[in-house]
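In what follows, a single structure is set out as structure tokens and then discussed.
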Amino acid sequence: MTFRASRVVCLWVVTLMMTSALLAAQDRPSGVQRFFITGTVRDSVTNKPVSFAIVNVADTSLSTISSRQGKYSFSLPAGVWNLEFRKIGYGMEELTISVGGDTGDTGDTIDRDILLGPLPVELAAVTVEGERDDLARRLITQAIARKNDVLSRIHDYRYDAYIKFVVRDMKRNQDSVDAIFLLTETQTTAYWQQPDKYQEVITARRQSSNLDAENNLVSVGQIVNFNKDRIDLQKYSVVSPISDDALGHYDYYVADTLHEAGRTVFRLGIEPRSDADPLFVGFIDIADSTYDVMVVDVGVNDAVRFEFVDNLRYRQRFANVSADYWMPTEIRFAGEVRFGVPIPGFPEQLAFVHTASLHDFRFDEEQPPVGLNEFEVVVDAGADDADSLVWGERRIPLMEIETAAYSRIDSIEHAPKPVGERLFGGTLGAFFLTFNRDFFHFNRVEGAYMGAGATLRDVSPNLVLRAKSGYALEKEKWQHHYGVQYRLSERQRLWLGVSYRDEIVNRPTVAGGIRNTTHLALLARLDPLDYYREEGFAVSLSTKLVNFTQLRIQYNDVDQSSVDVVTNYGLFDNDRAQRANPAIVDGRLRSIAGTITYDSRKLLKRKGRDFYINSFTRTRVSIGAEYASPDFLNNDFDFLRYFVRVEKRQRTLNLGMTTIDLFAGASSSKLPPQRYYTLDFGNGVFFEGRGFNTLNENNFSGNRAGLFFITHDFDQQLFRRSHIPLVRDLPVTFSVHGGAFWTDFVDHAANPGDANLLTTSSAYGEVGFGVGNLTPMISPFNFTAWFTWQVSSFETDRFVFRIGVPAP
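Numbering-wise, my numbering comes out as the position in the sequence shown, counting from 1, plus 128.
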């Protein structure tokens, strides 16, 4: 992997974690010198930073909120400015700053800290404040009613948008072109329909040359639509400050009175009633008499935690776009990313700003786009071919340093790299290739395998080609896999596929999935999978039945044969005995296999092809069967095998994420070993998130199987909601896990070697917990410690301690 690729991977870890969003900022007027005003809001008694304080620039509409570290900042032209600082529980403070001119501070960056004095408890409910709080409650109540009235009159709407996404290196001068690390621009058109159907089409896109076009999927999205009652931010479901039940979750107070376009506008401060619940904090502007929401500007409180991401800030500006419909027209989403350890070619501290301008709203056309229910993002076929005229119509003009950044990044990407950097990049790339089984893998039945493989998707929108060839050194055998898929119908997602293979494959497992065990096998002779050889061809047909479903039918015609262990190599732990590889029943298999799958995830259409969009919550249900019989086709096997699997991930009571995995499988009496239901012992070192951890290098098999596994990640919510001093402030995360499985042979004609296989005629169970966020100082390698106990009576491990690094 090159430096460029590593940067792209890290960037999209960040942007996928954010799940894309929103919003437009005020750009600096050209030709006017600006001064950067910054500082820290602190408690006058403890001197600790005061987070989420509202900071207003008096006599203007400019406001901000302090970060978790109490930081605030403004970019202002020359003049005398009066800053007002407010937060519930503190007295208001003012700070006058003079910048530029003959008497003002002329530094580019001006630091001004402020101390807020806590209010005594007995003075918190004076009459004047009570009246202002009552006014705030009346205003927010009317604003909620106004929002519901507007939405009730809308069946659907379209809009066009321009979106700009800028990533800066925080350790560089923020006003210099060198600070811009990545830049993307997109233009989209979007459609929304009651109750919550949404699709966005990227009609034009461009990006700095350190990002491939196919990875530029920046769009407006739905992540922060404050008109919704609940806003999903990954594992959190956050109450909108204008939801129907907002008054049960937030306190509101009048922080300022503004005058815009001849209207009186009240600026209300928003404070969570509970610091244990994930909520917003900031301010909202509401117009007098009409109660239209004009601006929402918020951050998230301390109950919302993302790995290595901080100081998230959302801002939406609303306007009357048509027939008294108030819609978001400017949106801004910003935050900071910090890594605890250096990542080659990637800044340690980043700031990103995602801005969007929404325009040309059209209402109640009742002409939904194709695939509205399933497709959330569609990339137009001509999105990468937009001409200069398209980009000349930007709704948010590029600043001079952003224009220069395109040229600078392009020159860096195409400049020859120093020898040392190329050597390091080559070494890093070779290491990452060891994670790609097509190029290199190692196991006990092949030894070291070296080869090449590629999947070609750009030949034609309707054609996919697959080719892989390589040589297993200890096995002394060439292996091949070639395939072609052709799409017969785009609308029905109807694909016909043909493939030929002559290769060593592993037996299917019912927990954990297929893993690349190369590194564990090389280092410690640890390989949980069992293998056999397969040579022949397959023909498949897949299609959509109804939305969110797929039917796949495949005909297999293959010779299957056993393979032996050929290597005992292990770099370390040479006292561990190499596992034998169980034999299968050799013969010619001709079978028909079919699977029907429901997957709740939305789809992305790009270059005519469909891809699932990663979703923090999802449901996947699969029902499958395989049939082989000499009465049907000339065959060495005679069996029927069928299964059902349910995988679900959901938010539970806003106390974290629950993941559930259910499996049940059965078969007829003559099932061969290569089709047994097998539960393997996992990776043996790191925590097995979707498997069992106490098996101690033992696999369990049978012609019948059942499995139930559940994990719940509380994050820090359990501690925060305990309201116990010290416990509620614990910085660690907490999760629980447990499950049970059963495998056995029932009404089964025994095969050779069955006596050596482990079964569980009574359920095998385990439970445990995990404590995470242990090493935030070396993020993204933030380790979790997992403790697991067996609760059944098998002669495997009674207790296991393992570590892991949760995925972002």
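Yeah, the Cβ is synthetic: ideal placement off N, Cα and C, and Gly gets one too. All values derive from a computational prediction rather than experimental measurement.
Alpha-carbon to alpha-carbon, N439 and Q477: Here the question's residue 477 lines up with position 349 in the sequence shown. Here the question's residue 439 lines up with position 311 in the sequence shown. Whole-angstrom Cα-Cα distance: 13 angstroms.
Helix, strand or coil: how does DSSP classify A639 here? Start at 1 with the first residue of the sequence shown, and residue 639 comes out as number 511. Three-state DSSP puts A639 in coil, outside helix and strand.
Report yes if the CB atom of S450 is closer than 7 angstroms to the CB atom of F489, and no otherwise. The residue labelled residue 450 in the question sits at position 322 within the sequence shown. The residue labelled residue 489 in the question sits at position 361 within the sequence shown. Yes, the pair counts as a contact, with Cβ atoms nearer than the cut-off.
Quick check: the stretch 885–894 against the stretch 820–828, are at least 3 beta-carbon pairs closer than 8 angstroms? yes
Report back the beta-carbon spacing between P496 and Y319 to the nearest angstrom; my notes put them in contact at under 8 angstroms. Along the sequence shown, read from residue 1 onward, the residue named residue 496 stands at position 368. Along the sequence shown, read from residue 1 onward, the residue named residue 319 stands at position 191. So it is a contact: roughly 6 angstroms between Cβ atoms.
Let me check one thing: in DSSP terms, what residues is R707 bridge-paired to? Counted from its first residue, the sequence shown places residue 707 at position 579. Paired residues: none, contrary to the question.
What does S203 pair with, by DSSP beta-bridge criteria? One-based indexing of the sequence shown puts residue 203 at position 75. Partner(s): F164.
So, for R643: in the same chain, excluding its five sequence neighbours on each side, which residues have a beta-carbon less than 6 angstroms away from its beta-carbon? Here residue 643 corresponds to residue number 515 of the sequence shown, with the count starting at 1. The answer is none, since no qualifying residue turns up.
Would you mind giving the Cβ-Cβ distance between V518 and A332, rounded to the nearest angstrom? I have them listed as a contact below 8 angstroms. Along the sequence shown, one-based indexing puts residue 518 at 390. Along the sequence shown, one-based indexing puts residue 332 at 204. 5 angstroms between Cβ atoms; contact.
Rounded to the nearest angstrom, what separates W917 and F929 at their Cα positions? The sequence position of residue 917 within the sequence shown is 789, counting from 1. The sequence position of residue 929 within the sequence shown is 801, counting from 1. Cα to Cα, the separation comes out at about 9 angstroms.
Separation of F180 from F434, as counted between CA atoms: Taking the sequence shown and counting its residues from 1, the one referred to as residue 434 is at position 306. Taking the sequence shown and counting its residues from 1, the one referred to as residue 180 is at position 52. About 17 angstroms.
Is it true that the CB of W454 sits closer than 7 angstroms to the CB of V294? On the sequence shown, position 166 is the one that residue 294 refers to. On the sequence shown, position 326 is the one that residue 454 refers to. Contact flag unset, no.
Anyone know if the C-beta pair for R777 and T745 falls short of 7 angstroms? Residue 777 sits at position 649 when you count from the first residue of the sequence shown. Residue 745 sits at position 617 when you count from the first residue of the sequence shown. Yes, the pair counts as a contact, with Cβ atoms nearer than the cut-off.
Run through DSSP, which three-state label would E502 get? Stepping through the sequence shown from its first residue, residue 502 is reached at position 374. DSSP places E502 in coil when its eight states are reduced to three.
What is the rounded straight-line gap between the Cα of W606 and the Cα of V592? Within the sequence shown, the letter at position 478 stands for residue 606. Within the sequence shown, the letter at position 464 stands for residue 592. Distance between the alpha carbons of W606 and V592: 24 angstroms.
Could you pull out every residue in the same chain whose Cβ sits closer than 7 angstroms to the Cβ of Q270, ignoring the five residues on either side in sequence? By 1-based counting over the sequence shown, the position of residue 270 is 142. Same-chain partners within the cutoff: Y419.
Return yes when the Cβ of G198 is within less than 7 angstroms of the Cβ of P177, no when it is not. As a working mapping, residue 177 is identified with position 49 in the sequence shown. As a working mapping, residue 198 is identified with position 70 in the sequence shown. Against a cut-off of 7 angstroms, the Cβ pair of G198 and P177 comes out as a contact.
For R926, I'd like the list of residues in its chain whose CB is within less than 8 angstroms of its CB, leaving aside the five on either flank, ordered along the chain. Position 798 of the sequence shown, counted from the first residue, corresponds to residue 926. Counting only Cβ-Cβ distances below 8 angstroms, and skipping sequence neighbours, we find T822, W917 and Q918.
Counting C-beta neighbours from all protein chains within 10 Å, is the total for L736 16 or more, i.e. buried, or is it exposed? The sequence position of residue 736 within the sequence shown is 608, counting from 1. The sequence shown places Gly at residue 736, rather than the Leu named in the question. The residue in question, G736, is exposed, as its Cβ has fewer than 16 Cβ neighbours within 10 Å.
Hey, does T677 have any beta-carbon neighbour from chain B nearer than 7 angstroms? Absent here is chain B; the protein component of the structure consists of one chain.
Can you name the start and end residues of the beta strand (DSSP E) that F568 belongs to? One-based indexing of the sequence shown puts residue 568 at position 440. Its beta strand (DSSP E) spans residues F568 to N571.
With distances taken Cα to Cα, identify the nearest neighbour of I524 among I931, S617, K292 and L768. As a working mapping, residue 524 is identified with position 396 in the sequence shown. Checked all of I931, S617, K292 and L768; the closest Cα to I524 is K292.
In terms of alpha-carbon separation, which member of R300, V423 and Y381 lies closest to N353? Reading the sequence shown from its first residue, position 225 is the one you call residue 353. Nearest of R300, V423 and Y381 to N353, Cα basis: V423.
Return helix, strand or coil for F480, following the three-state DSSP convention. Numbered from 1 along the sequence shown, position 352 holds the residue referred to as residue 480. Looking at F480 - three-state DSSP - the assignment turns out to be strand.
Pull up the DSSP beta-bridge partners for D379, would you. Here the question's residue 379 lines up with position 251 in the sequence shown. The beta-bridge partner set that DSSP reports for D379 consists of E399.
List in chain order: all unbroken alpha helix (DSSP H) runs of 4+ residues lying wholly within the stretch 839–897. 845–848
Just reading off the alpha helix (DSSP H) that L650 is part of, what are its end residues? Along the sequence shown, read from residue 1 onward, the residue named residue 650 stands at position 522. Taken as a continuous stretch (DSSP letters only), the alpha helix (DSSP H) holding L650 covers T646 to A652.
Do you know whose CA, among E221, N763, D738 and F765, lies nearest A383's CA? Position 255 of the sequence shown, counting from 1, holds the residue named residue 383. When each option's Cα is compared against that of A383, the closest is E221.
Segment contact, 8 angstroms Cβ cut-off, at least three pairs: the stretch 630–639 with the stretch 722–731: no
Ordered along the chain, which non-local residues of its own chain (more than five positions away) have a Cβ less than 7 angstroms from that of R441? Counting from one through the sequence shown, the residue named residue 441 turns up at place 313. Closer than 7 angstroms at the Cβ level, and outside the excluded window around R441, lie G427, A462 and G463.
Contained alpha helix (DSSP H) runs [length at least 4] in the stretch 501–543, N- to C-terminal order: 516–519 and 528–542
Let's see if you can read the secondary structure: which residues bound the beta strand (DSSP E) around V693? Reading the sequence shown from its first residue, position 565 is the one you call residue 693. Counting along the chain, V693 falls outside any beta strand (DSSP E), and DSSP gives it neither H nor E.
Nearest residue (CA-CA) to A509, options Y659, A479, K798 and A341: For the purposes of this step, residue 509 is identified with residue 381 of the sequence shown, where counting begins at 1. When each option's Cα is compared against that of A509, the closest is A341.
Would you mind working out which of N501, T317 and I308 sits nearest S336, comparing C-alpha positions? Sequence index remark: in the sequence shown, residue 336 carries index 208 (1-based). Here the closest residue by C-alpha is I308.
Rank V346, S535 and D372 by C-alpha distance to the C-alpha of L358 and give the top, closest one. The residue labelled residue 358 in the question sits at position 230 within the sequence shown. It is worth fixing the name first, because residue 358 is Arg in this sequence and not Leu. Ranking V346, S535 and D372 by Cα distance to R358 puts D372 first.
Could you tell me which of E494, H840, F480 and R240 sits nearest to F164, measuring between CA atoms? Position 36 of the sequence shown, counted from the first residue, corresponds to residue 164. For F164, the nearest C-alpha among the options comes from R240.
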